[in-house]
Amino acid sequence: QTITEGKVSYKSPSNIALVKYWGKKENQLPQNPSISFTLDACATTTTVSFKKLDKLSDNYSFDLWFEGKVKEDFKPKIVTFFSRVAVYLPFLKAYHFTIETSNSFPHSSGIASSASGMSALALCMVALEKQLNPEMNDDYFVQKASFLARLGSGSACRSIEGDIVQWGKHEKTKGSSDLFGIKYPYVVHDNFKRFHDTILLVDKGQKQVSSTVGHNLMHNHPYATQRFEQAHDNLDKLIAVFKSGDLKEFIAIVESEALTLHAMMMTSMPYFILMKPNTLEIINKIWEFREKSGSNVCFTLDAGANVHVLYPENEKDIVFQFIKEELIAYCENQQYICDRIGFGAKQ
Ligand code: PMV
């Protein structure tokens, strides 16, 4: 089918890893499996308008608008993405694209938009492919979107579906693959339904070391082998935890994963630290509060200083009160984002 012009649009969420992806092989393939909660509030909305060119372009023909303004400095990322996915999207050089994108969260909040941004763009591209090939089935659509998103930013492949997504070959998880994320295929206890994630914005600045550099430092890392094995073990344990609803064990796995991620950064060569003093203040406050109240609140971290505070739905009132009274003071300009588990990208 030939289509001369049209428009596709997707809103795609961010995600927060419980077992972390840190270290990759060639072609954005992960060194270990990871699993995440898909988020709800933190999302990118992308609209791609496309127009058929008279002849194939030599390069990729597109312009890029971010929150209503032309954004030249994002273009190289898109060019890299297009060059990686071109073999899977043969129509890419036949169209001019106008890409308009915006985030639900404030820019320069220190929240990485690569997962939501790359997944939204990947979805738009597969949506265009579906217009050209209307027989494409839904399973293929979702899998291809995740596959392409991975080539944009590894963790973006976990943002297409909800509410829990696993990426990376893992012996015990049927259907798992290094090539794309899959919706977690086993039983999940009610304790984990609609879990909350309040994101405390500790440091809104640009991080000093990009995740690309960080991933690459896992080559020749002295603890790499053990770390990759540990991720497999933690995933084994999480499968049991998701089934039983054991929140104490959940906390132990998730917090250990967060600290291990940062331990890998601190023990690479060159070494670096992305946590800030307030990151540690918050962690200590969470531990104190848990000890005192018996709550099941816990934390996880991304590749940055911000803290994700995770808690079950039935504790939302007491934990949120604690957050407001004791943790917000450690955030830059008292800023935080209330998020929770979501159900994946939407048209
Ligand atoms: O998707 P990338 O290449 O930005 O890597 C993300 C890595 C972490 O956020 C630190 C962990 C993860 O699994 O999301």
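The opening residue of the sequence shown carries number -9 in the working numbering; numbering runs sequentially from there. Note that the Cβ used here is the ideal one computed from N, Cα and C, for glycine as well.
Taking the Cβ of A253 as the reference point, every heavy atom of the ligand PMV lies at 7 Å or farther away.
Annotated as distal: I6 and D236, with beta-carbon spacing of 8 Å or more. Between the ligand PMV and G144, a heavy atom-to-CB distance of less than 7 Å is present.
Here the distance from the Cβ of S24 to the nearest heavy atom of the ligand PMV is below 7 Å. Taken through DSSP and simplified to helix, strand or coil, R184 comes out as coil.
Apart from the 5 residues on each side of it in sequence, V9 sits with its Cβ closer than 6 Å to the Cβ of S24, I25, A221, N224, L225 and E247 in its chain, given in chain order. Counting along the chain, the unbroken beta strand (DSSP E) around I154 starts and ends at I154 to W157. Comparing alpha-carbon positions, the option among T(-8), G(-4), Y0 and I(-7) lying closest to K336 turns out to be Y0.
Within the same chain, P3, S4, S94, F95, I101, S106, I327 and D329 come within 7 Å of C32 by CB-CB distance, once the 5 residues on both sides are set aside.
Checking the 7 Å criterion, the Cβ of A293 is within range of a heavy atom belonging to the ligand PMV. In this structure, Q18 places its C-beta atom within 8 Å of the C-beta atom of G144. About 6 Å separates the beta carbons of G204 and M255, which is inside the 8 Å limit, making them a contact pair. Between the C-alpha atoms of R74 and F170 there is a straight-line separation of about 15 Å. Under the DSSP assignment, L46 falls outside any alpha helix (DSSP H); it carries neither an H nor an E label. Take D168, set aside five residues on each side of it, and the residues of its chain with a beta-carbon closer than 7 Å to its own are L19, P20, G158 and K159, in chain order.
Excluding sequence positions up to five before and after E271, its CB lies within less than 6 Å of the CB of Y320, all in the same chain and listed in chain order. One thing to note: V199 has its Cβ within 8 Å of the Cβ of L264.
Beyond the five residues adjoining it in sequence on each side, F81 comes within less than 8 Å, by CB distance, of L118, E119 and L122 in the same chain, given in chain order. Secondary structure note for C288: its beta strand (DSSP E) is the uninterrupted segment C288 to L291. Looking at the backbone, the Cα of R184 and that of I331 are separated by about 5 Å.
Rounded to whole angstroms, the Cβ separation of F289 and E316 is 13 Å, and the two are not in contact under 8 Å. Where F87 is concerned, the enclosing beta strand (DSSP E) starts and stops at Y85 to N93. Here the distance from the Cβ of S104 to the nearest heavy atom of the ligand PMV is below 7 Å. The beta carbon of S73 sits no closer than 7 Å to any heavy atom of the ligand PMV. As far as DSSP is concerned, R280 takes part in no beta bridge. In the structure shown, the three-state DSSP call for I68 is helix. The C-alpha of K314 is placed about 24 Å away from the C-alpha of T28. Judged by the Cβ position, S201 qualifies as a neighbour of the ligand PMV at the 7 Å threshold, a heavy atom of the ligand being closer than this. Using a cutoff of 7 Å, the CB of A112 does not count as near the ligand PMV, since none of the ligand's heavy atoms is closer than that.
Assignment of P267 by DSSP, reduced to helix, strand and coil, places it in the helix class. Pairing A84 with K134 gives a Cβ-Cβ distance that is not under 8 Å.
Under DSSP, the beta-bridge partners assigned to H298 are I189 and T290. Between C114 and V(-2), the CB-CB gap stays under 8 Å. Taking 8 Å as the cut-off, the Cβ atoms of F232 and V287 do not count as close. Taking non-hydrogen atoms of the ligand PMV into account, the C-beta of Y11 is found less than 7 Å away from one of them.
Within 7 Å of the C-beta of H205 there is at least one heavy atom belonging to the ligand PMV.
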